[in-house]
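In this note's numbering, the protein residues as written are 73 to 331.
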């Protein structure tokens, strides 16, 4: 009757994962209801849109692209950043200039990392969290993680069922009956995944449901206007950059400098 122990394990994995998903979905729904008014009058800035779309690294990227487009920062295709105008127009630009260092030149990768961890980005994140537009850091298991855990539980149940079916045949326990018993926890996890697919609000690592609604109102493609172009970079990342030289600078940001 060793298969019974495997069945209990399957139920334990399935029950734990599904319970966690349900509780997380309920908490997410409560937060969404609490923060629903947050997106009624708030107008996202470029940096806020970048943070909600891709987090601190996206804020650093859009700042670098913005300064490069204004010819106040040179981003070489070899992956190096050079300061042209050392006067930052806002605290994000000053963070980037400070991350480059007093020599006025540095590789893009460490600049991006230091700028993403700057106090200015932290204050931006805190403000978005207070406004109910961003997910608090370390807030616990979110819906996305819970869904992945249910998927893992489904695979675990299948693996345990296969193991049980491969055990030597025991008198009075048909393999078909063993398979039917394992079908019960598998049905539970698959049902939870189906409900999450159609009922649970789409999850995001950075933006709350209110923040996601605001992001959905932003233009998806640049229309030739500089502001629209930068908004597209904020939402989609550096892949929205069309200039080959600028794209090459980000593509080679982890390469060493060539003499």
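The beta carbon of each residue, even a glycine, is placed where N, CA and C say it ideally should be.
Simplified DSSP state of residue i, which is helix, strand or coil
i: residue 155; result: strand
i: residue 147; result: strand
i: residue 213; result: Model confidence at residue 213 stands at a pLDDT of 48, short of 50, so the residue's coordinates are unreliable and nothing is read from them.
i: residue 115; result: coil
i: residue 235; result: helix
i: residue 172; result: helix
i: residue 302; result: helix
i: residue 313; result: coil
i: residue 88; result: helix
i: residue 75; result: helix
i: residue 28; result: For the chain, the structure presents residues 73 to 331; residue 28 sits outside this window and is missing.
i: residue 133; result: helix
i: residue 257; result: helix
i: residue 224; result: helix
i: residue 248; result: helix
i: residue 186; result: helix
i: residue 327; result: Summary for residue 327: the model assigns pLDDT 44, below 50, so the residue's position carries little reliability, and this model does not support an answer.
i: residue 127; result: coil
i: residue 160; result: coil
i: residue 290; result: coil
i: residue 142; result: coil
Cβ neighbour criterion (16 or more within 10 Å) applied to residue i
i: residue 289; result: exposed
i: residue 304; result: buried
i: residue 280; result: buried
i: residue 73; result: exposed
i: residue 297; result: exposed
i: residue 184; result: buried
i: residue 151; result: buried
i: residue 161; result: exposed
i: residue 89; result: buried
i: residue 153; result: buried
i: residue 231; result: exposed
i: residue 126; result: buried
i: residue 234; result: exposed
i: residue 120; result: buried
i: residue 209; result: exposed
i: residue 142; result: exposed
i: residue 175; result: exposed
i: residue 188; result: buried
i: residue 117; result: exposed
Cross-strand partners of residue i (DSSP beta bridge)
i: residue 179; result: 152
i: residue 279; result: 206
Could you tell me whether the stretch 199-218 touches the stretch 145-158, where touching means 3 or more Cβ pairs closer than 8 Å? No: fewer than three Cβ pairs fall under 8 Å.
Do the stretch 245-259 and the stretch 80-94 touch if we need at least three Cβ pairs shorter than 8 Å? Output reads yes: the stretch 80-94 touches the stretch 245-259.
If you pair each beta-carbon of the stretch 135-154 with each one of the stretch 213-225, do three or more pairs fall below 8 Å? Short answer: they don't touch.
Pairs of beta-carbons, one from the stretch 256-268 and one from the stretch 225-237, closer than 8 Å: are there three or more? Contact between the stretch 256-268 and the stretch 225-237 is present, because at least three Cβ pairs lie under 8 Å.
Touch check for the stretch 305-319 and the stretch 122-132: three-plus C-beta pairs under 8 Å? Yes, they touch.
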